[in-house]
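Numbering (the working numbering), first residue to last: 1 to 62. Read the structure below first, then the notes.
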């Protein structure tokens with residue numbers, strides 16, 4: 001596995017290939033949320049909210 005960097009919104013993010021399929025990437029929820037309890041993800045014209053609960057679970061809402 002070889003790490004590489006992508007520039008996403010001005011920040012360098014580490015991407016690591018998973019298994020033999022280099023088209024897959026893994027990012028931790030800690031990296032994704034970056035200390036925030038909730039983020040918005042835009043996908044195909046729709047906005048989704050990814051929220052971390054008090055119990056440490058992730059919830060994705062459209």
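From the three backbone atoms N, C-alpha and C, an ideal C-beta is built for every residue, glycine too.
Counting along the chain, residue 30 sits inside the alpha helix (DSSP H) bounded by residues 29-33. Shown here, residue 44 sits in coil according to DSSP, grouped into three states, outside any helix or strand. Residue pairing by DSSP puts residue 49 in a beta bridge opposite 40 and 61.
Short of 8 Å from the beta carbon of residue 32, and not among the five residues preceding or following it, lie these beta carbons of its own chain, in chain order: 39 and 50. If you check the CB distance, residue 60 and residue 37 do not come in under 8 Å.
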